[in-house]
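First comes the structure, then the notes that go with it.
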Amino acid sequence: MSLRFEPRLTRDWDDPSVIGLEGYIAKGGYRGLAKALAMSDADIVEVVKSSGLRGRGGAGFPAGMKWGFVPRDTGKPTYVVVNFDESEPGTCNNRELVERDPHRLLEGMAIAALAIGCETAYIYVRGEYLWQSLVLERAIADAYAAGHLGPDVQGSGKRIDAVLHRGAGAYICGEETALLNSLEGLRGQPRLRPPFPAVEGLFASPTVINNVETLMNVPDILVRGADWFRELGTEKSPGTKMVTVSGKVERPGNFEVPLGTPFRVVLDELAGGVLGGRALKAWTPGGSSTPMLTEGHLEVGLDYESLAEAGSMLGTAAIMVMDDTDCVVDCATRMVRFYAHESCGKCTPCREGSWWATRVLERLEDGQGEAADLPIMHDLGTNLLFRAFCALADGTASVINSSLQHFPDEYEAHVRLGRCPLKVEHLEEVPA
Amino acid sequence: MAVFEGPVRADADSILARYPEAHRRSAVMPLLYLAQSVEGFVTRDALREIGMLLGITTAEVEAVASFYTMFRLRPTGTHVISVCTNLACKLRGAEAVFEAAHEASGVVHGAELSDDGLFTVHEEECLGVCDFAPAVQINFCNHDNVTPERMRELVAGLRAGEVPSPARGPAFDSFKAASRALAGVEEVASA
Ligand SMILES: Cc1cc2nc3c(=O)[nH]c(=O)nc-3n(C[C@H](O)[C@H](O)[C@H](O)COP(=O)(O)O)c2cc1C
Ligand code: SF4
Ligand code: FES
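The listed protein sequences correspond, in order, to chains F and Z. Taking my numbering, the leading residue of the first sequence gets 1, the next gets one more, and so forth. Taking my numbering, the leading residue of the second sequence gets 1, the next gets one more, and so forth.
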């Protein structure tokens, strides 16, 4: 298969002028907003619903349906919150989308605001994206000056304000309810749901939270329509998706592909294959929280359904590639250590479980493990999955369970040999 | 007030004005960045003063400050070197870069800063630049595809008073300057 299609989110990436307002306008920018202003809010929701656009932040929830849940008769303001916390290991497409095309995000955000009658939108940017937050502040200032944001959007009499809020280094703040707490000046710990944010979100008011990439798809859907959007991708996963490929590949980077594109095409055609022509060992399809897959899954399509069928998830479509010189136990240790570090501490299974899992993995990797450690790992994986307060712990469990499932021999070799079979000094002994 | 005085107080007021009157507590994070930009880290005094500005207790402010890694509650180097060692970077040799950062800066593992007060080294979780791994930030400015040799050069440059040009965006010449930008009180430069 060769990849041929009209790029959407990345179509202006070779033109640095679109970072500025004039360049963006010259490419047809803010026409989706104009169109939305001429429509009823219910019609905006309807076109996004029929496009089938699904949330790109990980869960894949249909965006139009989410917007449709917002009650309009509560007497409270409504809010749009842009989730630009992007911290899932391996994920960096939101960063590049904003670096290259910041106004498209503001336009998508403004259309979402119109759809739910929101007058103030908040953009939550992870603190480490300092440069990207400055790019956005510049774009916001320019959009205000030109009347695409502010008290009288494009002369419609409607108000949309944008407030940028910086995080400060906490992965959990990407989880939508933790993000809301963080934005309200509390510790960034998740809230119990229900109530869902659509009903009771920011400042206890109805709130729509969307990922950057989700919103950046919206302007084109307004201009070109739902049917156009569905021309690429699959029936249930329409449109294109940004994928990030990192780790052991020749050309790491962000690539846009139609949903459903087989992993092999992304790996070979876009990322240039495994680094140095080595053999593929394992890969995460959607960041470290999605169960890892193997070279047996090269033909799996990158879409929500195919990856679920393969026992994993599309997640953020952040593909991290490990080759045959990489130790799966070592990689799992690093990933689980991340979840232990980022656990917000609110619930016991995650706080204690991720800590214990890290200790057990570290001793296995150091050659101090015992046969009894493998059942402990199984036990931890089982007890973390779907049993904690939020989905962060499911990420921990995914690393443990998928590495044990696909690479049991490698775990056992660590115990049997009393050392890591793949540490560089032992390379000649790599099991075939 | 000792920290939020004069022009800093005016900056604090501009931060408070971003949020609805009834929800001024939302200003706690930018105020912490602002305090950090004045004193180089978030001091006890700053925690108390922020509490007074927001009408919440010092403990409530500290609960927020201690939750996030980008707020520093202890004396911090002039420059903060953040090295990502998460998987995509690890697969590209980040652990050697992390070692080189310690060696070159003189920060002992586990210590808050170097004896000369110039450097703090921080092990990062994914910085969102996995496509240019190993990823490093110096005062929150990106450096891409960093090798141990490049790490040593960067540190030597900082010692000599040079400000390394980042892979993207403007350079901030200190942790304080970056914290000020993070507070969002600087005029934004044209695109
Ligand atoms: C631990 C955790 C971290 C998350 N981090 C992010 C993130 O950084 N960015 C994001 O858009 N969604 C993140 N999510 C998903 C959000 O909770 C939410 O589903 C998403 O922002 C909704 O937007 P979407 O429907 O447009 O995808 C995270 C979820 C969890 C459980
Ligand atoms: S699962 Fe982990 S991150 Fe989520 S609430 Fe519990 S402790 Fe916090
Ligand atoms: S893993 Fe290092 S920047 Fe993402």
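For every residue, glycine included, the Cβ atom is placed at its ideal position computed from N, Cα and C. All figures in this text were calculated on a predicted structure; none of them were measured in a lab.
- The beta carbon of F/G20 is closer than 8 Å to those of D142 in its chain, skipping five residues each way along the sequence.
- The distance from the Cβ of F/N401 to that of F/P291 is about 7 Å, consistent with a contact at the 8 Å cut-off.
- Going by DSSP, F/P258 is part of the beta strand (DSSP E) stretching over 253 to 258.
- Z/L127 has a beta carbon lying within less than 7 Å of a beta carbon in chain F.
- Taking 6 Å as the cut-off, the C-beta of F/A139 does not count as close to any heavy atom of ligand 2.
- Inclusion of F/E295 and F/L307 in the CB contact set at 7 Å is not warranted, their separation being larger than that value.
- Taking 6 Å as the cut-off, one finds at least one heavy atom of ligand 1 near enough to the beta carbon of F/D85.
- Note on geometry: alpha-carbon atoms of F/S133 and F/R187 lie some 22 Å from one another.
- Straight across, the Cα-Cα distance linking F/P7 with F/V80 is about 27 Å.
- In the structure shown, Z/K176 adopts helical secondary structure according to DSSP, grouped into three states.
- Below the 7 Å Cβ cutoff, chain F contributes no neighbours of Z/R159, its closest Cβ being approximately 23 Å away.
- At the C-beta level, F/P206 and F/A198 come within 7 Å of one another.
- Secondary structure at Z/V136: strand, using DSSP grouped into helix, strand and coil.
- The Cβ atoms of Z/E112 and Z/C84 do not sit closer than 7 Å to each other.
- The beta carbon of F/G353 sits closer than 6 Å to those of L380, L384, all from its chain and outside the five residues before and after it, given in chain order.
- Between F/M216 and F/L105, the C-beta spacing is below 7 Å.
- Remark: the shortest separation between the CB of F/E412 and any heavy atom of ligand 1 does not fall under 6 Å.
- M322, D326, C331, R334, M335, F338: these are the residues of the segment 322 to 339 of chain F whose beta carbon lies less than 8 Å from some beta carbon of chain Z, given in chain order.
- In the pairwise beta carbon analysis, the segment 216 to 225 of chain F is classified as touching the segment 105 to 118 of chain F: at least three pairs are separated by under 8 Å.
- In terms of CA proximity to Z/P75, Z/Q36 leads the group Z/E95, Z/A63, Z/Q36.
- At a cut-off of 7 Å between beta-carbon atoms, F/C347 makes no contact with chain Z.
- The residues P148, in chain order, have a CB closer than 8 Å to that of Z/E99 in the same chain once the five nearest residues on each side in sequence are set aside.
- Assigned with DSSP and collapsed to three states, F/C331 falls in helix.
- Interface criterion met: the Cβ of Z/R18 is under 7 Å from a Cβ in chain F.
- Residue-level contact check: Z/S26 touches chain F, since one or more beta carbons of chain F fall below 7 Å from its beta carbon.
- Scanning chain F for C-beta atoms nearer than 9 Å to the C-beta of Z/P30 yields H165, R166, reported in chain order.
- Near chain F, meaning a CB-to-CB distance below 7 Å, the residues of the segment 87 to 116 of chain Z are L87, A88, K90, L91.
- For Z/V129, the distance from the CB to the nearest heavy atom of ligand 3 is below 6 Å.
- No residue range can be given for Z/H109, since it is assigned to no beta strand (DSSP E) and is classified by DSSP as neither H nor E.
- In chain order, S354, W355, T358 place their CB closer than 6 Å to the CB of F/A340, counting only its own chain and leaving out the 5 sequence neighbours on each side.
- In this structure, the alpha-carbon of Z/F132 lies about 26 Å from that of Z/G106.
- Closer than 8 Å at the C-beta level to chain Z, one finds these residues of the segment 201 to 226 of chain F: F203.
- Relative to the Cα of F/Y171, the nearest Cα in the group Z/A171, Z/R44, Z/P30, Z/G128 belongs to Z/G128.
- Distances from the alpha-carbon of F/M377 to those of F/D366, F/L404, F/I160, F/G23 put F/L404 closest.
- Sorting F/E365, F/A371, F/T348, F/A310 by C-alpha distance to the C-alpha of F/A388 places F/T348 at the top.
- In the DSSP assignment, F/R126 forms no beta bridge with any residue.
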